[in-house]
Structure formats: C-alpha cells, structure tokens
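Asks: Could you have a look at this structure, given as structure tokens, before my questions?
There are 2 protein chains.
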Amino acid sequence: MPIEALQRPQSLRQQVYERLRTALRAGEYRPNQRLTEIGIAEALGVSRTPVREALGLLSREGLLSSMPHGGFRVPDLRADDLNDIFELRYLLEPYAAGLAARNADHEGVTGMHVVIQTEKQCLTDSDNIAFVQASQDFRSRLFAMAGNRRLAAAISQIEGHAQFVRSENFDDWKTRTVLISAQEQILEAVRLRDAENAAKAMRGLLTTTKNTLLAALDQYRAGDAADDALY
Amino acid sequence: MPIEALQRPQSLRQQVYERLRTALRAGEYRPNQRLTEIGIAEALGVSRTPVREALGLLSREGLLSSMPHGGFRVPDLRADDLNDIFELRYLLEPYAAGLAARNADHEGVTGMHVVIQTEKQCLTDSDNIAFVQASQDFRSRLFAMAGNRRLAAAISQIEGHAQFVRSENFDDWKTRTVLISAQEQILEAVRLRDAENAAKAMRGLLTTTKNTLLAALDQYRAGDAADDALY
DNA sequence: TCAAGGAATACTGTATTCAATTCATGCCTA
DNA sequence: TAGGCATGAATTGAATACAGTATTCCTTGA
C-alpha cells in the first residue's frame, strides 16, 4: 500500500484565495472595480482576516493592485500589458515544453493524452467549465514534466495575469478546436522527445491564445465604453 | 513637470516583509529553522497580524515553506534547487539585458556608469553593505531599461530565491572585482546597443555568480554539519 | 531500559475590536 | 457661482482574544 501525503484541512485563507483567483481569471469583476474586504467577507461568510490575507497574496502576484489605505482594485489591463505578458510567456513556455520533451516518460504522455480526450468530450458536451479545467490540467502536466519547479511556478504566476477576460470570450467552438489541435501537436512532439518541435508547437499555441485575447480585449473595451455611457 | 506617484506611509506589514526578506537573503536564519509568528512579532515590537501577513507573502514567493497548522520554515535549498533557479535566470536575465541594449538611452547609461563607480569606491572603502546595495541598484536600472515590468518582476522574484547564503561568502575582493568587470562589459554592450553581446556578458556574469554560490553552499553545508554535531 | 500513551504547553487559524486614514458630501466664503 | 475647508461616514491597518491543532515531554508499564 503506497503511502500518500496526508492532506491537512486547507485553511480558509487558501479557500478564499482560490475562489477569488478563479473569479478574477474568469473576469467576474470589472477593471478598476474596487474590492472591499468586508464585502467579500460577508459574501463568503467568513471574517475579514482570511479575506485580507488572500487579497494581499493576489496583490503581490499582480492580479490586484493596491495602495496603502487605498484598498484593492482590479487592474485595468491594456494591450501593452498583454504584450509584456506574452513576451514573457514566449520566453518561458516554449522552453518548458522543450524540457518536457527531453524528460518525457510514458505515463506522463498517456496521462496527457487522456486529458486531451476529456477536452474533446467536453467540447461535444458543451461543458465549458470542465473544458477550461481540463485545459489547465494539460498545462500543469506538461510543465510538471519539464522537471523545474521554479520554472513551472513562474509560468503559473504570469499566466494568471493574462486570463482576465470573461470566459465567455473563449466559448466559441472554433477557438477550442484550434486549441486542442495545438495541444495535440505539442503532445506528439513530446512523445517523440522532439524538443525543438515541442517548443515550436507551443509558440504556435501562444500565438493563437494571444490573438484570441487581443480580440476579446477589444470586444471587452467596446462593452466597457458602452457601459460607461450609462453612468 | 512630471507627476510623481505620491507616496503614502508604508504599512507595518510592508516593513516587516522587507525586514524579513533582507534577513532571509542575508542568510540570518538557518535552513529548516522554524520561524514562529510570536517570536518575530516580539523581536520587532509589533503584533502578530502584520508578521503573519508578511510570512504569508514570503511563503507564497517561495522564500519560506509552510504547512497548514505547521508554521513557517526556512527552506533547505540544495544544489538541485540552485540549478533550477539558475536555469530560469539564464533564460530571463540575458534576454532582459538584450532588451535593455535595444532600448538604451543616454541618461540610463550614464546612471549605470555612476553606479559602477560607486561600487568601485565601496570596494576600496571595504563598505560591504553599500556595495551590495549598489550592485542591486545596477540590476534594477538595467532591467528597468528593458521596458517590461512583468519580466523585471519575474527576475526580482526568482533572484531572491538564490540569495540565501550569508553575505559573508561574497566579501572577498576577487569575486567583487570579477563582478564589476562583468557589469562593465554589460554596460559597454548596452551603450553600443549591442543586444547580442549584452546577453552574452550577462550569461558570463550569471556563471560566475552561480559558481560563487555553489562554493558558498558547500562551505555552508560543511558549517552546518559541524554545528549539527554540537546539538 | 525502552516504548507507548497521555497530558501539558505552544503555536497556528480565525474572529472581534479598536485606532487611524481616506474619501465624499455639504457648507461657508469670496 | 466656484473654490476651499471641515465634518462625517466608510474602510483599511493593527492589536487582541479565543478555539483548535500539533508537538513535546513526562510518566507508566512491560
């Protein structure tokens, strides 16, 4: 019987953190919207303390902006920021994909294959949430296979900055099909231990992701302007 | 007249964070040493709250390890970790140096030149603390010149992980002379807007830094073993 | 003498309370 | 009427109190 690492009950701070992070990544809050500690605490049914700490962590990661005594705000990302973010992702993620190809093992590859099958199933089922989760899973497995925890952590952190637009913007069938085929290319290169092509395929995936996000950003800002007119 | 960001009084949390971060980077705490909230709070003369939040931030950044109900510990870095860290630094910092060369402007270059002169003065004065600060200043200016804030943030974060050994290990004159000459090479390449050579010089600087740290790590562990015998 | 169990202590996680600061609204004055 | 000032509400920052958990040490039995 294998001994698994026993998991202790996760703290409220961690739960609040996860909840807010996914909410931010899903674009549930508007840019420049102010997040008050007490508001979130009451919404989640906890006291201010864990909320406070979770907000501090998110702020440190760059998913929120803060000022002393000024509270926390949702940062207003612009196209410039997106360029900065993707410049970094272009640097990190293809490199990590190449490492993963070098260190590829059979179990890892089959696991990622299963994840892609799950994604396809989600696509036919139109289960958007599960699709996003599976897509995250694919990335986690890939970067874990690279074997450099710090690199994986850096990628995880910077990628969070880019996932700010509403998930509705990714709900179209075409984009997801392209995403899956790009992941299949990556996986095939990893299976063959072809680092060069794995990196190349990752670059392709990043390009499509960036373009999708840029288009979503335009759409988002257009909606923003319309909303502003109402106020 | 340029509008400067008005500065608000910095919070206790921030002060505790800075203090602990520099202490950790200076190697004031031993690997695996447990840091208790109340101990730090009493030492700094504040309550547990800001200490707690600062520890949480440091833990999230990877400078401390934590478990639920298990408190915070100083992570026990080994040579493997150093390899992971420097693999990432090799990826990020030469790239950033190349960007800085592309975007180089006159004021920035002269500013960095002044910093190097300061370093030399500190070397003759044997002012170690000022030297380390000036060295940090050089890096800040260089990476700021690269023009990508997220990249600079990523570098700042990962570099903190590597600065764990006692500053005494860097106090020898030879290492610092090599450091200065490497910085001068970088600056010269930046001045000529030669991205290729700037990146190359940065790689050289990283190699010497890594070797110094590896040697310090050996020395450190040897000292550890000796101490363990005493307990 | 050593191991196992239990009790006591210490520490973390969370809630609550108090103080300090900021922002906004409204009034007063020029 | 416009601008400046003051007052008050709201929110953040920090401290303290309390409950639950883990660790440590001591005792007891084999």
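Chains as they are written, first to last, in our numbering: chain H, 29 to 259; chain F, 29 to 259.
Glycine is no exception: its CB is placed at the ideal position from the N, C-alpha and C atoms.
1. Using a Cβ cut-off of 7 angstroms (strictly closer), state whether asparagine 176 of chain H contacts chain F.
2. If we ignore side chains and look at the alpha-carbon of each, how far apart do methionine 263 of chain F and arginine 221 of chain F end up?
3. Roughly how many angstroms lie between the CA atoms of threonine 152 of chain H and alanine 107 of chain H, to the nearest whole one?
4. Anyone know if the C-beta pair for isoleucine 66 of chain F and leucine 116 of chain F falls short of 7 angstroms?
5. Just by C-beta distance, which residues in the segment 61-88 of chain F are closer than 7 angstroms to chain H?
6. Going along the chain, which residues of its own chain have a beta-carbon closer than 8 angstroms to the beta-carbon of tyrosine 57 of chain F, five neighbours each way excluded?
7. Report yes or no: do the segment 86-104 of chain H and the segment 163-177 of chain H share at least 3 C-beta pairs separated by less than 8 angstroms?
8. Tell me, please, whether the CB atom of alanine 226 of chain F is closer than 7 angstroms to any CB atom in chain H?
9. Does any C-beta atom of chain H lie closer than 7 angstroms to the C-beta of aspartate 133 of chain F?
10. Whose C-beta lies closer than 6 angstroms to the C-beta of isoleucine 68 of chain H among residues of the same chain, with five residues either side of it excluded?
11. Are glutamate 147 of chain F and alanine 162 of chain F closer than 7 angstroms when you measure CB to CB?
12. For isoleucine 214 of chain H versus alanine 227 of chain H, is the C-beta distance shorter than 7 angstroms?
13. Taking the alpha helix (DSSP H) that arginine 49 of chain F belongs to, which residues open and close that run?
14. Drop a sphere of 10 angstroms on the beta-carbon of alanine 181 of chain H, count the other beta-carbons inside from all chains shown, and report buried for 16 or more, exposed for fewer.
15. Within 10 Å of its beta-carbon, does methionine 140 of chain H have 16 or more other beta-carbons around it, so buried, or fewer, so exposed?
16. In whole angstroms, what separates the C-alpha of alanine 223 of chain F from that of leucine 72 of chain F?
17. Which residues of chain H have a Cβ atom closer than 8 angstroms to the Cβ of aspartate 112 of chain F, listed in chain order?
18. The beta strand (DSSP E) with glycine 126 of chain F in it runs from where to where?
19. Check whether chain F comes within 7 angstroms of leucine 105 of chain H, counting only Cβ atoms and requiring the distance to be less than that.
20. Distance cutoff 7 angstroms, beta carbons only. Does tyrosine 57 of chain F sit that close to anything in chain H?
21. Taking the alpha helix (DSSP H) that arginine 169 of chain F falls in, what are its first and last residues?
22. Say whether chain F places a C-beta atom closer than 7 angstroms to the C-beta of alanine 257 of chain H.
23. Chain H beta carbons: is any one of them nearer than 7 angstroms to that of tyrosine 45 of chain F?
24. Who are the near neighbours of threonine 240 of chain H in its chain, counting only those whose CB is closer than 6 angstroms to its CB and skipping five residues on each side?
25. How would you call glutamine 38 of chain F, buried or exposed, if buried means at least 16 neighbouring beta carbons within 10 angstroms?
26. Between the segment 217-246 of chain H and chain F, which residues of the former have a C-beta closer than 9 angstroms to a C-beta of the latter?
Replies: Based on what the coordinates show:
1. Yes, its Cβ sits closer than 7 angstroms to a Cβ of chain F.
2. What is shown of chain F runs 29 to 259, which leaves residue 263 of chain F out entirely.
3. 32 angstroms
4. no
5. With the criterion set as a beta carbon lying under 7 angstroms from some beta carbon of chain H, the members of the segment 61-88 of chain F are Glu81, Gly84, Leu85 and Arg88, in sequence order.
6. Ala51, Leu63 and Val102
7. no
8. no
9. no
10. Val79
11. The beta carbons of glutamate 147 of chain F and alanine 162 of chain F sit closer together than 7 angstroms.
12. no
13. 40-53
14. buried
15. buried
16. 45 angstroms
17. Asn176, Arg177, Arg178 and Leu179
18. Looking at the DSSP string, glycine 126 of chain F is not in any beta strand (DSSP E); the run it does join, the alpha helix (DSSP H), is 107-130.
19. no
20. Taking 7 angstroms as the threshold, the shortest C-beta distance from tyrosine 57 of chain F to chain H does not fall below it.
21. Per DSSP, arginine 169 of chain F belongs to the alpha helix (DSSP H) from 156-174.
22. Note that alanine 257 of chain H scores 33 on pLDDT, short of 50, meaning its location in the model is unreliable and no value can be drawn from it.
23. No, because no Cβ of chain H sits closer than 7 angstroms to the Cβ of tyrosine 45 of chain F.
24. Thr203
25. exposed
26. none
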